[in-house]
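To keep things clear, I will list the structure first and then write my remarks on it.
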Amino acid sequence: MYKKHALMQVDAFSDHPLGGNPCAVVFECGDMDAALMQAIALEMNLSETAFVMDSANADFRVRYFTPAEEIPMAGHPTIATTYALVQSGRVRLTEGKMSITLELNVGPINVDIFSKGGTIERIVMTQKKPQFLMKHDPENVLPLFGLSSGDLLPGMPIQTVSTGTPQLMIPVKDHKALRKIAVDTQGLASYRDKTKFFSVHLFAMAGVTVDGSTFARHFASPPDIFEDPFTGSATGGMSAYIWHYGLIDTPTFIAEQGHWMNRPGQAYVEVVGPAEDIESVRVGGNAALIMTGELLV
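The opening residue of the sequence shown carries number 0 in numbering that gives the first Met the number 0; numbering runs sequentially from there.
Below, the structure written as structure tokens:
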């Protein structure tokens with residue numbers, strides 16, 4: 000006999016439906032094994048699906064799966080899950096600022112919820128202390144995206160950065176470089192397997208609206224969603240990168256992504272700590288409920 004699980008789909012990093020990045024949130028998943036969660040994530044066919052269960056170490060335990068694999072930490076599912084917990088009544092909203100903890104595979108993280116008049120205004124997650132990992136040879140990386148050395152932001156390294164999930168950071172000099180990206184999917188998959196990052200974040204130091212300071216495109220290897228509308232974890236890694244390397248003069252700014260996909264998204268970012276020893280990165284945004292239902296598995 001099939002069991003019913005409550006299900007919500009939430010668009011994260013958007014203040015209206017059909018913007019930002021969609022995430023399916025499945026509740027009461029304590030009796031599911033990883034194989035079932037993986038199969039459900041493949042069925043949902045979104046960038047990530049979140050599975051919520053009880054936790055002895057936090058308010059809730061959450062596991063995140065892409066269509067292809069489980070990942071240790073993710074941004075837009077954290078925003079989406081928190082929003083769904085409130086909208087489903089599993090978290091009681093209080094006026095002003097309140098906090099919950101979510102136990103992820105990287106350990107417990109803190110999530111702040113800001114509300115006014117009974118309406119959520121922003122959800123902010125605190126990501127882990129950034130790790131600046133492997134630096135990559137541009138001659139090996141740029142051709143995978145149809146780019147050349149002239150498209151790279153001068154003097155800046157291509158580097159894997161992790162605030163919970165390792166992602167490849169590629170700073171390009173302008174939006175023109177971002178627009179001409181043409182991904183060699185087989186080559187990218189092979190390089191990813193050899194160098195052990197999860198996905199790739201290419202970004203320019205200019206937003207597409209007057210509010211934005213950065214704009215990015217984000218790519219993964221199929222069967223995962225090829226281009227992500229908005230990527231909260233990579234926004235955290237990018238923010239640590241640009242603060243660490245002096246590309247921005249303030250640790251708080253607005254990051255933008257997804258506008259060219261007709262799914263515009265924005266994140267409020269705060270890098271905590273000095274550039275040479277960043278403590279954490281706080282990434283936040285709004286969300287919108289787009290669907291509710293039941294999953295029968």
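All C-beta atoms, glycine included, are put in the ideal place defined by N, C-alpha and C.
Residue from the options whose Cα sits closest to the Cα of residue i
| i | options | result |
| --- | --- | --- |
| S148 | F131, I169, V160 and F225 | I169 |
| G95 | P76, A286 and G116 | G116 |
| H135 | L146, T125, L167 and V123 | L167 |
| F229 | P222, S198, H243 and W242 | S198 |
| P221 | G29, V90, N44 and G74 | N44 |
| P71 | G264, Q126 and H15 | Q126 |
| P156 | F218, V105 and F131 | F131 |
| E255 | V207, H75, D150 and G163 | V207 |
Local conformation of residue i per DSSP, three classes
| i | result |
| --- | --- |
| D53 | coil |
| D111 | strand |
| F144 | helix |
| V160 | strand |
| N261 | coil |
| P76 | helix |
| M237 | helix |
| S189 | helix |
| V1 | The residue you asked about is not Val; residue 1 is Tyr in the sequence shown. DSSP places Y1 in coil when its eight states are reduced to three. |
| D150 | helix |
| T230 | coil |
Boundaries (first-last residue) of the alpha helix (DSSP H) holding residue i
| i | result |
| --- | --- |
| E42 | A33 to M43 |
Delimiting residues of the beta strand (DSSP E) encompassing residue i
| i | result |
| --- | --- |
| H200 | S198 to A203 |
| I180 | Per DSSP, I180 belongs to no beta strand (DSSP E) and is neither H nor E. |
| Y63 | F59 to F64 |
| F218 | T213 to F218 |
| C301 | In the structure as shown, the chain starts at 0 and stops at 296, and residue 301 therefore has no counterpart that could be examined. |
| A67 | It is not in any beta strand (DSSP E) - A67 carries neither H nor E in the DSSP assignment. |
Alpha-carbon to alpha-carbon, residue j and residue i
| i | j | result |
| --- | --- | --- |
| D173 | L295 | 47 angstroms |
| P21 | S87 | 17 angstroms |
| V171 | A55 | 44 angstroms |
| S98 | I108 | 10 angstroms |
| P66 | M260 | 20 angstroms |
| Y165 | Y1 | Before going further, note that residue 165 is Pro rather than Tyr in the sequence given. Cα-Cα distance, rounded: 37 angstroms. |
| L146 | K3 | 48 angstroms |
| A239 | R91 | 32 angstroms |
| P142 | T93 | 50 angstroms |
| D192 | M52 | 31 angstroms |
| T291 | M7 | 4 angstroms |
| F218 | L103 | 23 angstroms |
Heavy atom of the ligand SAH within 7 angstroms of residue i beta-carbon
| i | result |
| --- | --- |
| A49 | Looking for the ligand SAH in the displayed structure turns up nothing, as the structure carries no ligands at all. |
If we count Cβ pairs, one from each stretch, closer than 8 angstroms, do we get three or more for the region 17–29 versus the region 42–61? Inter-segment contact for the region 17–29 and the region 42–61 is present: three or more beta-carbon pairs are separated by less than 8 angstroms.
Per the contact definition of three or more C-beta pairs closer than 8 angstroms, is the region 175–191 in contact with the region 261–277? By the Cβ criterion, the region 261–277 is not in contact with the region 175–191, since fewer than three pairs of Cβ atoms, one from each stretch, lie closer than 8 angstroms.
Does the pairing of the region 4–13 with the region 276–291 give three or more beta-carbon distances under 8 angstroms? They touch, by the three-pair rule.
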